[in-house]
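In our numbering, the protein residues as written are 2 to 116.
What follows is one structure encoded as C-alpha cells, with my remarks underneath.
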Amino acid sequence: MTTGSSPYEQIVPKLITVLEHTQLSSNNLTPQTTQASLQATNDYKNVLLQAKNCAATLPGGELNAQDQEELISMLERLRDHKKQQLAEFSERVSSMLSSVESERVEIDSTASTPS
Numbered sequence: 002m003t004t005g006s007s008p009y010e011q012i013v014p015k016l017i018t019v020l021e022h023t024q025l026s027s028n029n030l031t032p033q034t035t036q037a038s039l040q041a042t043n044d045y046k047n048v049l050l051q052a053k054n055c056a057a058t059l060p061g062g063e064l065n066a067q068d069q070e071e072l073i074s075m076l077e078r079l080r081d082h083k084k085q086q087l088a089e090f091s092e093r094v095s096s097m098l099s100s101v102e103s104e105r106v107e108i109d110s111t112a113s114t115p116s
C-alpha cells in the first residue's frame, strides 16, 4: 500500500494493472508474464481485502435497515411532539402577553380618567 493513500484509492489502479498484464500475457505467454499477472492479481485481491476490512471497521453500522427506520421514525415523532409543545407554549405566552397588555391599557385609561 502506498503511504498516505487509502485502499479505496488503489482499487482502480490495481485493476488496471491486472488488465494490462492479462492483455500482455495473452499475446506472449511466458513464465515471466504469468508471474507478473499472478502478482498483479494478488496485489488487487489484497487491496480489495484491505478496503473490505476498512469498510467493516467504520464507525456506525450497528443498526440494520429496519432498526434505522424505526429509530428515524421515533426521532421524527419526538421532533413532532416537541414542535407541538413549542407551539402550545408560544400560544400560552402570546395569550398571557395579550392579557397583560389589555390590563395595562385598562389601568392607563383608569389612571387618566378624571374623578
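For every residue, glycine included, the Cβ atom is placed at its ideal position computed from N, Cα and C.
Computed from a predicted structure; not experimentally measured.
Contacts around residue i, its chain only, beta-carbon distance under 7 Å, and the 5 residues preceding and following it disregarded
i: S117; result: Past the edges of the chain, shown from 2 to 116, lies residue 117, and the structure says nothing about it.
i: T35; result: S26
i: S38; result: H22, T23, S26
Residues near residue i by beta carbon distance below 6 Å, same chain, minus five either side
i: T42; result: V19
i: N28; result: none
i: L87; result: none
Environment of residue i [buried if 16+ CB atoms lie within 10 Å]
i: P8; result: buried
i: K15; result: buried
i: V1; result: Nothing can be reported for residue 1: it is not among the residues displayed for the chain, which extend from 2 to 116.
Sub-8 Å separation of residue i and residue j beta-carbons
i: I12; j: A52; result: yes
i: L64; j: L76; result: no
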